[in-house]
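Colleague: If you read the sequences in order, they're chains U and A.
Its first residue numbered 1, the first sequence is counted upward by one per residue in the UniProt record's numbering.
Its first residue numbered 1, the second sequence is counted upward by one per residue in the UniProt record's numbering.
Protein chains: 2
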Amino acid sequence: MTNEATKSARKSAPKPADRRAGARAPASSKPKPASNRAERAAERRGAIIAAAMDEFIARGFAATRLDDIAKRAGVAKGTIYLHFKDKESMFEELIRTAIVPLVTRLWATPPQPGASVRDMVEGFAKTFIEEVATTRRGDLVRLIVAEGPRFPEVADFYYREVVSRGLAGMRALIELGIARGEIQHKNLAQFPQIMVAPALIAVIWQSLFSRHAPLDALEMFRVHLDLIFGERRTA
Amino acid sequence: MTNEATKSARKSAPKPADRRAGARAPASSKPKPASNRAERAAERRGAIIAAAMDEFIARGFAATRLDDIAKRAGVAKGTIYLHFKDKESMFEELIRTAIVPLVTRLWATPPQPGASVRDMVEGFAKTFIEEVATTRRGDLVRLIVAEGPRFPEVADFYYREVVSRGLAGMRALIELGIARGEIQHKNLAQFPQIMVAPALIAVIWQSLFSRHAPLDALEMFRVHLDLIFGERRTA
DNA sequence: ATTAAATGACTGACTAGTCAGTCATTGTCA
DNA sequence: TGACAATGACTGACTAGTCAGTCATTTAAT
């Protein structure tokens with residue numbers, strides 16, 4: 001076997017010294033030393049999730065190496081397997097745990113009773129563009145689009161938790177707008193996707209083409225809203 | 001335990017060799033019409049491209065195996081390397097050669113002089129939805145969205161050849177519509193993306209969610225056009 | 001016969017997942 | 001309180017593959 005040669009060559013300086021106490025004391029960048037065992041474990045789990053997130057977004061599922069995730073998380077590879085069954089279920093769980101706060105954040109818009117439907121939708125879009133489209137969360141959406149077909153469970157989850165609910169909410173808003181006379185196009189309630197379409201365009205544009213041509217996503221969305229609600233007073 | 005997606009895919013063993021070649025040879029019941037050297041080579045190259053297309057779409061770049069492409073193309077693995085430098089440049093060239101006819105096909109709309117701008121856009125959308133969104137070409141678009149960030153050259157090419165030209169053409173059409181009085185919203189010319197947005201939504205929906213909820217993309221697009229051009233006479 | 005095209009067994013670099021061992025923390029008893 | 005045992009989180013070398021790319025050999029067109 002060539003293992004012997006490879007083995008020794010692979011890692012020449014393991015530097016076993018600063019494992020536990022060593023790693024804890026000098027790492028004052030962490031606000032929490034956390035000498036409690038369970039706390040530290042949870043902290044590590046969080047570090048793994050964050051690292052995995054970055055790696056998966058940057059490389060996609062198949063091209064991501066667990067060694068890299070471990071390195072980025074500051075953890076040994078074996079530790080990953082204390083928290084996740086395997087690479088695939090780590091990916092799925094990752095998406096799930098990332099989606100929930102994203103959706104929560106998005107639906108946490110203060111439902112001002114006096115506001116017009118247009119203002120509500122615009123506020124929503126503003127939040128989405130600022131908090132999702134122009135941040136790493138947007139890459140998460142792109143990641144789901146990219147890997148969805150190969151991870152039906154992820155696509156299902158995303159449909160149930162985000163798409164289905166989001167469209168239902170948007171439909172309700174559209175119907176409110178129609179009832180109030182703000183929206184003339186009654187057929188729009190059949191396709192809430194139309195309301196959301198420019199937001200998704202913004203996400204994709206951001207990842208792929210913003211280098212070539214920056215896109216003012218919010219202004220684009222406002223023009224889109226003009227189509228639906230009619231021209232603004234203040235242009 | 002290995003990756004489930006990879007594994008299940010691995011099972012589907014393509015049968016005898018001339019799967020693709022047979023499909024390519026147009027007007028003959030003969031499996032092997034070409035005895036000319038250059039012709040056969042070109043045929044093989046085409047088979048490799050078609051097979052690679054299918055595999056890359058189904059699995060993404062990193063998870064696709066050259067062995068599978070070779071098997072599907074009815075060719076030995078070494079043959080691939082007679083036509084392409086390596087996996088990566090094969091992918092890039094593949095996208096390039098697939099995009100060109102796709103764009104050509106799309107811009108080959110007969111520019112009827114008497115038609116309204118709305119009819120032109122609608123005809124365009126109809127072609128797009130029938131020929132791209134609901135076919136394998138749509139998956140190609142999704143593939144570019146998925147792999148674009150990891151293949152800047154592909155993203156660049158796509159921007160130059162498709163996005164940039166497409167938006168310019170669409171902008172011209174919008175300006176024509178404004179000049180003719182068909183379109184009231186002058187700001188729309190700033191964001192031709194809005195015009196196209198539902199078409200992209202349709203492509204993504206098709207790949208990810210059509211199992212859960214089918215989407216009548218053409219009707220959606222018509223409703224979208226109602227927003228831009230005003231309500232249709234015949235609802 | 002000559003030579004380009006095609007083949008597929010082979011190589012070696014790479015990686016998901018394992019597991020025997022380590023050691024900081026926690027629990028227990030005197 | 002101090003000593004010692006039990007725990008289990010953590011480690012990383014290791015195994016068992018996988019797969020891109022090569023090349024000596026075979027096939028077949030000219």
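Here a beta-carbon is modelled for each residue, glycine too, at the ideal position from N, C-alpha and C.
It should be emphasised that the depicted structure is a prediction, and the values quoted were computed from it without experimental measurement.
Does the beta carbon of Pro149/U sit closer than 8 Å to a beta carbon anywhere in chain A?
Modeller: Cβ-Cβ to chain A under 8 Å: yes for Pro149/U.
Colleague: How big is the Cα-Cα spacing for Leu140/U and Ile194/U?
Modeller: Those two C-alpha atoms are separated by around 21 Å.
Colleague: Tell me whether Leu215/A sits in a helix, a strand or coil according to DSSP, three-state version.
Modeller: Coil at Leu215/A, not helix or strand.
Colleague: At what residues does the alpha helix (DSSP H) containing Pro198/A begin and finish?
Modeller: Its alpha helix (DSSP H) spans residues 192-208.
Colleague: I'd like to know whether the C-beta of Leu227/U is nearer than 8 Å to at least one C-beta of chain A.
Modeller: Output row for Leu227/U: interface = yes.
Colleague: Do we get a CB-CB distance below 8 Å when we pair Pro198/A with the residues of chain U?
Modeller: Yes, because at least one Cβ of chain U sits closer than 8 Å to the Cβ of Pro198/A.
Colleague: Do we get a CB-CB distance below 8 Å when we pair Val223/U with the residues of chain A?
Modeller: It does; some Cβ of chain A falls within 8 Å.
Colleague: Are the region 214-230 of chain U and the region 191-211 of chain A touching by the rule of at least three beta carbon pairs closer than 8 Å?
Modeller: With the cut-off at 8 Å, the region 214-230 of chain U and the region 191-211 of chain A touch.
Colleague: For Thr64/A, count neighbouring C-beta atoms within 10 Å of its own C-beta (all shown protein chains included) and say buried if the count is 16 or more, exposed if not.
Modeller: Buried is the call here.
Colleague: Closer than 8 Å, CB to CB, is Met220/U near chain A or not?
Modeller: Judged by the 8 Å Cβ criterion, Met220/U is in contact with chain A.
Colleague: Let me know if Arg142/U comes out buried or exposed under the rule of 16 or more other beta-carbons within 10 Å of its beta-carbon.
Modeller: Its Cβ being crowded by 16 or more others within 10 Å, Arg142/U is buried.
Colleague: Quick one: list the residues of chain A neighbouring Ile204/U, beta-carbon separation under 8 Å, in chain order.
Modeller: Here the neighbours are Val145, Leu200.
Colleague: Could you compute how far the alpha carbon of Glu130/A sits from the alpha carbon of Asp68/U?
Modeller: For Glu130/A and Asp68/U, the distance between alpha carbons rounds to 43 Å.
Colleague: Starting from His185/U, follow the alpha helix (DSSP H) in both directions and report where the run begins and ends.
Modeller: Careful: His185/U lies outside any alpha helix (DSSP H) and carries neither H nor E.
Colleague: Can you grab the Cα-Cα spacing for the pair Lys71/A / Glu153/A, in whole Å?
Modeller: In a straight line, the C-alpha of Lys71/A is about 28 Å away from that of Glu153/A.
Colleague: Have a look at Gly74/A, Leu208/A, Glu55/A and flag the residue whose alpha-carbon is nearest the alpha-carbon of Gly148/U.
Modeller: The candidate whose alpha carbon is nearest that of Gly148/U is Leu208/A.
Colleague: Mind listing the chain U neighbours of Leu188/A? Cutoff is C-beta to C-beta under 8 Å, in chain order.
Modeller: Val223, Leu227, listed in chain order.
Colleague: Look up Asp86/U in the DSSP assignment and say whether it is helix, strand or coil.
Modeller: Note: Asp86/U maps to coil in three-state DSSP.
Colleague: The alpha helix (DSSP H) that contains Glu130/U, what's its start and end?
Modeller: Note, Glu130/U: premise wrong, no alpha helix (DSSP H); not H, not E.
Colleague: Taking just the CA atoms, how far does Tyr158/U sit from Arg211/A?
Modeller: Going from the Cα of Arg211/A to the Cα of Tyr158/U covers about 13 Å.
Colleague: May I have the straight-line CA-CA distance separating Ala133/A from Ala217/A, to the nearest angstrom?
Modeller: Near 9 Å, if we compare the C-alpha coordinates of Ala217/A and Ala133/A.
Colleague: Note down, in chain order, every chain U residue with its Cβ under 7 Å from the Cβ of residue 276/A.
Modeller: The requested residue 276/A is not part of the displayed model; chain A covers only 1 to 235.
Colleague: Can you tell which of Ala62/A, Ala155/A, Ala50/A, Pro113/A has its C-alpha closest to the C-alpha of Gly74/A?
Modeller: Checked all of Ala62/A, Ala155/A, Ala50/A, Pro113/A; the closest Cα to Gly74/A is Ala50/A.
Colleague: With 7 Å as the C-beta to C-beta threshold (strictly closer), list the residues of the region 157-185 of chain U near chain A in chain order.
Modeller: Answer in chain order: Tyr159, Val163, His185.
Colleague: Which residues of chain U have a Cβ atom closer than 7 Å to the Cβ of Ala62/A, listed in chain order?
Modeller: Gly60, Ala62, Ala63, listed in chain order.
Colleague: Given this structure, state the Cα-to-Cα distance separating Lys11/U from Gly138/U, to the nearest angstrom.
Modeller: Note that Lys11/U scores 33 on pLDDT, short of 50, meaning its location in the model is unreliable; the coordinates nonetheless yield the value given after this. Roughly 37 Å between the two C-alpha positions.
Colleague: So the candidates are Ala155/U, Arg45/U, Thr97/U, Glu182/U; which of them puts its Cα closest to the Cα of Arg116/U?
Modeller: The displayed chain sequence assigns Ser, not Arg, to residue 116/U. Among Ala155/U, Arg45/U, Thr97/U, Glu182/U, the Cα nearest to that of Ser116/U belongs to Glu182/U.
Colleague: List in chain order: all unbroken alpha helix (DSSP H) runs of 4+ residues lying wholly within the region 129-154 of chain A.
Modeller: Runs found: 136-147.
Colleague: Figure out for me which residue from Pro101/A, Asp86/A, Val121/A has the closest Cα to the Cα of Phe221/A.
Modeller: Comparing Cα-Cα distances from Phe221/A to each of Pro101/A, Asp86/A, Val121/A, the minimum goes to Val121/A.
Colleague: Quick check: is the beta carbon of Ala52/A nearer than 8 Å to any beta carbon in chain U?
Modeller: Judged by the 8 Å Cβ criterion, Ala52/A is not in contact with chain U.
Colleague: Roughly how many whole angstroms lie between the Cα atoms of Arg150/U and Gly123/U?
Modeller: Cα-Cα distance, rounded: 34 Å.
Colleague: Give the interface partners of Phe209/A over in chain U, defined as CB-CB distance under 8 Å, in chain order.
Modeller: Near Phe209/A (Cβ distances below 8 Å), the residues of chain U are Ala155, Tyr159, Val163.
Colleague: From this set, Gly177/A, Thr127/A, Pro101/A, Ile174/A, which residue's C-alpha is nearest Pro110/A's C-alpha?
Modeller: Comparing Cα positions, the closest option is Thr127/A.
Colleague: In three-state DSSP terms, what is Phe91/U?
Modeller: Of the three classes helix, strand and coil, the one that applies to Phe91/U here is helix, per DSSP.
Colleague: Verify the CB distance criterion: does Arg142/A have a CB-CB separation below 8 Å to chain U?
Modeller: Arg142/A counts as touching chain U.
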